[in-house]
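These notes are about the structure you will find just below.
Residue numbers (this note's numbering): 36 to 120.
Below, the structure is given as structure tokens:
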């Protein structure tokens with residue numbers, strides 16, 4: 036089944052993650068870090084957030100610096116993230 040990924044689907048999955056005994060704590064920690072390092076244009080903020088996601092969810096990002104530079108360089112990245120784009 037290939038379901039379309041929608042904002043509603045993402046929010047629903049997020050709610051399930053928040054109540055899971057293991058991932059609920061991780062989600063809370065991620066939320067705290069993202070709130071404290073809100074800029075997506077500041078490479079340091081992006082690097083911290085990418086490192087946290089990589090560590091807590093074993094995403095296997097091998098080059099955090101390159102990924103962070105790329106994200107920070109995207110035009111309008113903060114508004115795109117806020118809009119769910």
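All residues carry an ideal CB built from backbone N, CA and C; glycine is no exception. Bear in mind that the values here come from a model prediction, so they are computed numbers and not experimental data.
Item, Value
"Close beta carbons around residue 69, own chain, < 7 angstroms, minus the five adjacent residues each side", "84"
"Local Cβ density within 10 Å of residue 80, reported as buried at 16 or more and exposed below that", "buried"
"Residue ranges of each alpha helix (DSSP H) within the region 43-113, 4 or longer", "58-71, 78-92 and 99-108"
"For residue 75 and residue 106, believed in contact at Cβ under 8 angstroms, the rounded distance", "6 angstroms"
"Beta-carbon spacing of residue 112, residue 88 below 8 angstroms", "no"
"From 92, 114 and 116, residue whose alpha carbon lies closest to that of residue 52", "92"
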